[in-house]
Amino acid sequence: MRSLLVIHSHSGHVSGREHAGSSWQAGPEQLLESNGYLTLRCRNESEIKQLIHDADAAVLNIPVGKIGMWSGRLEQAKAIPLLWWCSAESALSPTESCEANVPVDGILIPSMAAHELNWVLHFSAKRFFERQHWRSERKQLTARLEERKWIDMAKGILGEVNGIPEAEAYDLLRKKAMNERKRIVDVAISIVRAHQMLKA
Numbered sequence: 072m073r074s075l076l077v078i079h080s081h082s083g084h085v086s087g088r089e090h091a092g093s094s095w096q097a098g099p100e101q102l103l104e105s106n107g108y109l110t111l112r113c114r115n116e117s118e119i120k121q122l123i124h125d126a127d128a129a130v131l132n133i134p135v136g137k138i139g140m141w142s143g144r145l146e147q148a149k150a151i152p153l154l155w156w157c158s159a160e161s162a163l164s165p166t167e168s169c170e171a172n173v174p175v176d177g178i179l180i181p182s183m184a185a186h187e188l189n190w191v192l193h194f195s196a197k198r199f200f201e202r203q204h205w206r207s208e209r210k211q212l213t214a215r216l217e218e219r220k221w222i223d224m225a226k227g228i229l230g231e232v233n234g235i236p237e238a239e240a241y242d243l244l245r246k247k248a249m250n251e252r253k254r255i256v257d258v259a260i261s262i263v264r265a266h267q268m269l270k271a
């Protein structure tokens with residue numbers, strides 16, 4: 072992980088030193104670049120699609136409550152690890168704004184030493200791949216449950232129309248799928264939809 076997309080909550084952000092009277096706060100760019108990382112500054116939403124393809128991860132310098140919205144936008148362009156920049160300012164956000172499903176893989180703080188930063192980025196990448204794996208498994212499980220629903224409905228229809236038990240209805244459905252060289256769920260969907268049209 073060498074190249075990081077840095078997203079700020081407002082487009083007029085100036086990286087590095089932020090002047091607020093006589094004080095300044097180091098931004099994520101300063102921490103990352105001083106430790107040998109390349110930063111890609113995202114000034115507005117339209118730049119995401121241009122910059123994200125060169126990024127290994129994204130650092131969100133935004134309030135906690137906006138993380139969900141921004142993660143969705145980033146996900147549409149490219150799935151990458153997400154890290155939250157927890158500055159003194161953003162840490163003042165109320166804890167209620169941190170939803171249980173906020174997809175953050177790691178947290179960066181301004182006072183991090185080089186070895187701490189390296190470990191956080193390492194564990195963030197690992198957490199991201201685990202999150203992607205679980206998301207993929209959940210998607211597959213949801214698809215299987217949806218397929219099972221169509222197959223069960225088709226078995227019920229075939230059983231009712233032919234006056235046969237469920238086991239025989241399933242065998243009939245399976246044979247029909249084999250004969251038509253189709254997936255059993257595709258045959259089941261066509262049976263259910265044809266039945267619904269006849270009943271309408």
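In the numbering used here, each number is its position in the sequence shown, counted from 1, plus 71.
The C-beta atom is built at its ideal place from N, Cα and C for all residues, glycine as well.
Residues G177 of the same chain have their beta carbon placed closer than 7 Å to that of F194, with the five preceding and five following residues left out of the count. Its chain contains L75, V77, P99, L154, W156 as the residues whose beta carbon lies nearer than 6 Å to that of V130, once the 5 sequence neighbours on both sides are disregarded; these appear in chain order. If only complete runs of 3 or more residues are kept, the segment 173-237 shows the beta strand (DSSP E) at 177-179, in order along the chain.
Linking R245 to E239 through their CA atoms gives a straight-line distance of about 10 Å.
Between the segment 176-190 and the segment 221-237 there are fewer than three inter-stretch CB-CB distances shorter than 8 Å, so the stretches are not counted as touching.
Inclusion of A126 and L111 in the CB contact set at 7 Å is warranted, their separation being smaller than that value. Taking every protein chain shown into account, the CB of K270 has fewer than 16 other CB atoms within 10 angstroms, so this residue is exposed.
Residue burial is scored here from C-beta neighbours: P236 has fewer than 16 other C-beta atoms within 10 angstroms and is therefore classed as exposed. Note that the C-beta distance between A150 and K120 is not below 7 Å. In the DSSP assignment, R112 falls within the beta strand (DSSP E) that extends over 109-113. Your pair L102 and P181 checks out as a contact, with CB atoms roughly 6 Å apart and the cut at 8 Å. Sorting H124, L243, S105 by C-alpha distance to the C-alpha of M183 places S105 at the top. Between the C-alpha atoms of S164 and E251 there is a straight-line separation of about 59 Å.
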